[in-house]
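Numbering (the working numbering), first residue to last: 2 to 241. Built from N, CA and C at the ideal position, the CB exists for glycine as well. Note that the structure is a prediction, hence the values are computed from the model and not measured.
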């Protein structure tokens, strides 16, 4: 059986892990990384990740070359926010770490995948990328902008569920049923989904999933399914 490749974007941090307690000189240096749980979930459904690091100046033709090598695209979450200028706003509420190199790469990749009708899965911050790429906007900070909102930054281990999501339709309702339990590690959320449709919400009304009804598989989820037992990755693999 031929290997099925999926492009997976990565996160980065200015400093790697702390040095070992020895007399060796090992300065902490910048790293590009991806959670092992994402890799494991993809491999469990027969997919092999092709890692794509952030890039401040995406070379001409690079995105097209990547899409020509893969069967789908996954944009996972990470420790970053999208600068509001990408959806026509200025900073008015809490905005955490911004990585313009990652945002530039992921927006370009998402837009090209949408144009090419390529299967696309966005996870947490990746769902927000999909919405912005499709012309949508974000809530810069749920706590400041949604009266009575749940705590979407759960204080417990995100390998355990935190709240429910109700689905109104789309492939997630088919894969997960009308309701599911999810984890929650975000302070921003989708305000409008642009060309996509919001198809799942938390009990406080915050958008938790989106999809594109005219594409074979374009789905974004606001939680981290790689940390939970879920058929979502299998549903993604089935549409490649």
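Measuring CB to CB, does residue 116 end up less than 9 Å from residue 188?
-> No, Cβ-Cβ distance for residue 116 and residue 188 is not below 9 Å.
Should residue 160 and residue 235 be called a contact, given that it needs their Cβ atoms to be closer than 9 Å?
-> Cβ atoms of residue 160 and residue 235: not closer than 9 Å.
For the candidate residues 173, 27, 186, whose alpha-carbon lies nearest to that of residue 233?
-> Of the candidates 173, 27, 186, the one whose C-alpha sits nearest the C-alpha of residue 233 is 173.
Rounded to a whole number of angstroms, what is the C-alpha to C-alpha distance between residue 180 and residue 191?
-> Near 19 Å, if we compare the C-alpha coordinates of residue 191 and residue 180.
How about residue 241 and residue 219: are their beta carbons less than 9 Å apart?
-> Between residue 241 and residue 219, the CB-CB gap reaches or exceeds 9 Å.
Cα-Cα separation between residue 63 and residue 70, rounded to whole angstroms | Roughly 11 Å between the two C-alpha positions.
When you compare only the Cα positions, how much space is there between residue 145 and residue 153?
-> Those two C-alpha atoms are separated by around 12 Å.
Nearest-angstrom Cα distance between residue 78 and residue 36?
-> In a straight line, the C-alpha of residue 78 is about 9 Å away from that of residue 36.
Taking one C-beta from the segment 86-95 and one from the segment 121-139 each time, how about it: are there three or more such pairs within less than 8 Å?
-> Enough Cβ pairs lie closer than 8 Å, so yes.
DSSP-derived helix/strand/coil call for residue 30 | Note: residue 30 maps to coil in three-state DSSP.
If you check the beta carbons only, do residue 222 and residue 125 fall under 9 Å apart?
-> Going by C-beta atoms, residue 222 is nearer than 9 Å to residue 125.
In the DSSP assignment, what are the bridge partners of residue 76?
-> In the DSSP assignment, residue 76 forms a beta bridge with 123.
Spatial distance of residue 171 from residue 224 (CA atoms) = Rounded to whole angstroms, residue 171 to residue 224 spans 17 Å at the Cα level.
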